[in-house]
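Engineer: Handing you a structure now.
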């Protein structure tokens, strides 16, 4: 099976109208829970399935579209209302096409607020909606203020405790960015780099040995900048190697160049890499050099000659099923 | 000639005492200009030359040690006093060993202040001290506040005008970092990534076609994340290719892994890459795998088999001499 472990929801247009209303009204008054019609939802979801079929993806793990999470827009009720509504849409899509999708929850993170405010929605998504993982944004200020402490800090422990309790992984993904020097798509990458180093230099995996964390987009800058961090590791006489620490985390292939994916797979190894394309998303545009969309990554992975057939099976399917075990019972 | 285009000053211990005094007194009162004795300076500089000789470096371009630039410590006079003192030390080292060094100026940037405050020191360094380039820190708040606009913004034009007037390049290098989630060494990388995208999405090279900008550390995350930015380029129907834009900038090899340097040289091409090691610095520690220091990069570049002898000559020497032409008259 080809599992795209990192994909984002495609919704009927009525949801965009709802979002505008929530933002414009600052979620005050509370608007009713928007429920797209069955027909509108089916049309949108079949459109998504067509895009999956075009590139041979059999299943997607669907989460909210990150840059539309509204984590910094005041008041907190905006993201609270919106996140709940999007999670509901995802749950209906999974129910509609249970062989094609699994649900990954968005969390109503809000600026500098402790992520404890997210636990109620996380519980609901796992227990009532059957979700198998969640997103986590390391900077819910969205570049509008100094961010909270790094993911290695106990600030985040309330979420980690709940993830371990449910045995579900978290996908580290920032949202949008207010600062004019950093587009949201670039912030994704920088936040991935910051997340890796903050986690690997912390006690998180001592305190939560069973925690499963996925860093998307090939790990930001880190696999490319390994020499720097290997050297730091030795300079401080730390035990083991930086490479071993790196493998405490999981990474995904949502990086649209073959040279980079080869480097990722060499550095991290095929046991810690999950297939992912984010399609439709940033990479859904034709590469004039290959005549294929940038996010058509299945043939790219298939063409990497140093991966064995078993390695490829792990990357396409095995690692995702192992990590997101809650989605594949029995 | 083997030119290390990105190296940082090594100073006699008295300079550290001076720095502590300046910080502790908040540069109030003004302390006299510290001038290490000729003997102490010679000892420190010969120690540095020994480290260069160990790895076959014939010349270094020396600039202030970035994380010690104190760009966010109040008041502005701290970095003003310190920057001037360090630039003076570098000038003396260049004069002492004119075949081994060239000077690259530090600028007394201060938090959100316009970099116009740096022009007087830049003029002094070029006109009186004979420096051939300067550093530029995209975030002089050092992670203590929201940073100034990106390097593509006219906020930075006063410096760019002066660089073009003198026909000298700038090396983009952040300083330290106050935010606990981001060490200074990681911030170097993230600031490099932000600088590349901010510059390439701006009018800077329309407004300053002769401006020469070097992004160290292999360009941060960008060469590894090329697919993402290539796709964005096409999604917005921009003219040309992102790869062409990338070559408006120069990059250096201060990245301590061979896989990464191969990727850099493939993506950017040997005309836009300068040899650099930052030795002694982060990479000055033994790699247990190779038995050599991480920053012993000359044999690494020499071993890259897709580079011709002429390519290697450009990387080791030719590109540096072309860019920093002021350092090699006649």
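Chains as they are written, first to last, in the numbering used here: chain A, 1 to 330; chain B, 1001 to 1330. Every residue, glycine too, gets a C-beta built ideally from N, C-alpha and C.
(1) So with CB distances below 7 Å, who are the chain B contacts of residue 257(A)?
(2) Taking Cβ positions, are residue 87(A) and residue 56(A) nearer each other than 7 Å?
(3) Please classify residue 3(A): does DSSP put it in a helix, a strand, or coil?
(4) Within 8 Å, do at least three Cβ pairs link the region 72-84 of chain A to the region 101-115 of chain A?
(5) Taking the runs of the alpha helix (DSSP H) that are 4 residues or longer, which of them lie wholly in the region 57-116 of chain A?
(6) Looking at C-alpha atoms only, which residue of 1059(B), 1019(B), 1183(B), 1289(B) is the closest neighbour of residue 1143(B)?
(7) Looking at C-alpha atoms only, which residue of 3(A), 140(A), 272(A) is the closest neighbour of residue 112(A)?
(8) Give every residue of the same chain whose Cβ lies closer than 7 Å to the Cβ of residue 1021(B), excluding the five residues on either side of it in the sequence, and list them in chain order.
(9) DSSP three-state call for residue 1250(B): helix, strand or coil?
(10) For the alpha helix (DSSP H) that residue 1163(B) lies in, which residues bound it at each end?
(11) Skipping 5 residues on each side, what residues in its chain have a beta carbon closer than 7 Å to that of residue 294(A)?
(12) Can you give me the C-alpha to C-alpha distance between residue 262(A) and residue 223(A), rounded to a whole angstrom?
(13) Answer with yes or no whether the minimum CB distance from residue 1076(B) to chain D is below 7 Å.
(14) At least one CB of chain A closer than 7 Å to the CB of residue 1180(B): is that the case?
(15) Can you tell me whether DSSP reads residue 139(A) as helix, strand or coil?
(16) How big is the Cα-Cα spacing for residue 198(A) and residue 1247(B)?
(17) Taking 8 Å as the threshold, find out whether the region 1123-1132 of chain B comes into contact with the region 1097-1105 of chain B through three or more Cβ pairs.
(18) Is residue 194(A) close to chain B? Criterion is C-beta to C-beta, closer than 7 Å.
(19) Could you name the residues that DSSP lists as bridge partners for residue 1271(B)?
(20) Should residue 193(A) and residue 152(A) be called a contact, given that it needs their Cβ atoms to be closer than 7 Å?
(21) For the region 160-174 of chain A against the region 202-219 of chain A, are there 3 or more C-beta pairs whose distance is under 8 Å?
(22) Residue 1006(B) and residue 1270(B): beta carbons closer than 7 Å?
(23) Cα separation between residue 304(A) and residue 1253(B)?
(24) Name the chain B residues whose beta carbon is nearer than 7 Å to that of residue 285(A)?
(25) Can you tell me whether residue 236(A) is buried or exposed, with buried defined as 16 or more other CB within 10 angstroms of its CB?
(26) Could you check which residue in 1307(B), 1187(B), 1280(B) has the C-alpha nearest to that of residue 1048(B)?
(27) Could you tell me the alpha carbon to alpha carbon distance between residue 1320(B) and residue 1310(B), rounded to whole angstroms?
(28) Starting from residue 171(A), trace the beta strand (DSSP E) in both directions and tell me its first and last residue.
(29) Could you check which residue in 1050(B), 1014(B), 1042(B) has the C-alpha nearest to that of residue 1033(B)?
(30) Which two residues bound the contiguous alpha helix (DSSP H) that contains residue 213(A)?
(31) Count the other CB atoms within 10 Å of the CB of residue 1120(B); is the residue buried (16 or more) or exposed (fewer)?
(32) According to DSSP, which residues form a beta bridge with residue 32(A)?
(33) Can you tell me which of the three DSSP states residue 1178(B) falls into?
(34) Do you know how far the Cα of residue 135(A) is from the Cα of residue 214(A)?
Structural biologist: Inspection of the coordinates gives the following:
(1) 1226, 1227
(2) no
(3) strand
(4) yes
(5) 76-96
(6) 1183(B)
(7) 140(A)
(8) 1031
(9) strand
(10) 1157-1166
(11) 256, 283, 285, 287
(12) 11 Å
(13) In summary, chain D is missing from the structure at hand, where the protein chains are A and B.
(14) yes
(15) coil
(16) 32 Å
(17) yes
(18) yes
(19) DSSP, once it has assigned bridges, lists no residue as partnering residue 1271(B).
(20) no
(21) yes
(22) no
(23) 26 Å
(24) 1231, 1234, 1235
(25) exposed
(26) 1280(B)
(27) 14 Å
(28) 170-172
(29) 1014(B)
(30) Note, residue 213(A): premise wrong, no alpha helix (DSSP H); beta strand (DSSP E) at 213-215.
(31) exposed
(32) None; residue 32(A) has no bridge partner.
(33) coil
(34) 10 Å
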